[in-house]
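Inspection log for the structure reproduced underneath, given as structure tokens.
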Ligand code: SF4
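In our numbering, the protein residues as written are 455 to 579.
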């Protein structure tokens, strides 16, 4: 974001989805439209280092659940999501992992594990 630039964001911290306007001014960021303080933190982070929790699926060798839902344990830099998705396309789960089990440790050295979010391999669903 350049000086004097404006950027509209939708806060994703809570379901209210406030429309936040961020303006870069000489004295710093001017943030408006947020209904609470958490929106300020969201907007500042979104402008300086946006992060997201990645939710996706990973292949397994098990016919009862050929793919298993997974997510990052915590948030990763938004610009790394495509790279992590490409890596996860190469991963195949070969053990009957349950909810919370680590499917990929410290993904791409980002300090976050990929964890399983389903018990499909253990429940027979
Ligand atoms: S600014 Fe506050 S109220 Fe609005 S969406 Fe963000 S967290 Fe929710």
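Beta carbons are placed, not taken as given, at the ideal position from N, Cα and C, and that holds for glycine.
As the structure is a computational prediction, the values presented were derived from the model and not from experiment.
Beta-carbon proximity check, residue i vs residue j, cutoff 9 angstroms
i           : j           : result
residue 507 : residue 524 : no
residue 502 : residue 529 : no
Expected contact under 8 angstroms - CB spacing of residue i and residue j to nearest Å
i           : j           : result
residue 493 : residue 475 : That belief does not hold up - the Cβ atoms of residue 493 and residue 475 are roughly 11 angstroms apart, past 8 angstroms.
residue 556 : residue 569 : 6 angstroms
residue 550 : residue 496 : With a Cβ gap of about 38 angstroms, residue 550 and residue 496 do not count as contacting.
residue 545 : residue 512 : 5 angstroms
Check: residue i C-beta below 8 angstroms from any heavy atom of ligand 1
i           : result
residue 553 : no
residue 488 : yes
residue 476 : no
Residue i in three-state terms, based on DSSP
i           : result
residue 545 : coil
residue 567 : coil
residue 482 : strand
residue 476 : strand
Complete runs of the alpha helix (DSSP H) confined to the region 497–542 [at least 4 residues]: Qualifying alpha helix (DSSP H) stretches, in chain order: 535–542.
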